[in-house]
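Before any comments, here is the structure.
Numbering (my numbering), first residue to last: 10 to 161.
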């Protein structure tokens, strides 16, 4: 876990002398699948979670596991990352929700660069435990968190 944390932290607070790091959809779409996963891990780390790559005991297509300790209990979030150009359907949302359940997490995140289709957004809203992270929302969160591209 310490190695994963160091890797995610390596993308934080690398702002340039020109000011904050600004992201665009083209920036995200140019990332390799591994780099996009790294960027998502860095973002969730910047938001106060301890993030690690999912190991062999994590089921259901989950790529990252995030934990945030509280006074009473630890909040666990499972994260599925769809790389640039990847397809997301309603079946993907159901798979992520199933993975959240079988891994005992209270929350799931499905991340991708491009915005989600209307039917996918509607299903995630109906389920209520799968957060969709993409498009403008993702770009804004990356900028606010100060996450830089691994390609810099």
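Positions of the beta carbon are idealized from the N, C-alpha and C atoms, including for glycine.
Bear in mind that the values here come from a model prediction, so they are computed numbers and not experimental data.
By the neighbour-count criterion, in which a residue is buried when 16 or more other Cβ atoms sit within 10 angstroms of its Cβ, residue 118 is buried. For residue 114, the three-state secondary structure derived from DSSP is coil. If you check the CB distance, residue 148 and residue 34 come in under 8 Å.
Remark: C-beta atoms of residue 102 and residue 53 do not approach each other more closely than 8 Å.
Here the alpha carbons of residue 49 and residue 32 stand approximately 13 Å from one another. The DSSP-derived three-state label of residue 34 is helix. Per DSSP, reduced to three states, the secondary structure at residue 60 is strand.
Residues 69, 70 of the same chain have their beta carbon placed closer than 7 Å to that of residue 104, with the five preceding and five following residues left out of the count. Here residue 18 has 54 as same chain residues with Cβ atoms under 7 Å from its own Cβ, once five neighbours each way along the sequence are excluded. Put simply, the backbone Cα of residue 16 is about 34 Å away from that of residue 127. Of 157, 150, 138, 43, the smallest CA-CA separation from residue 113 is found for 138. Counting other Cβ atoms within 10 Å of its Cβ, residue 46 reaches 16 or more and is therefore classed as buried.
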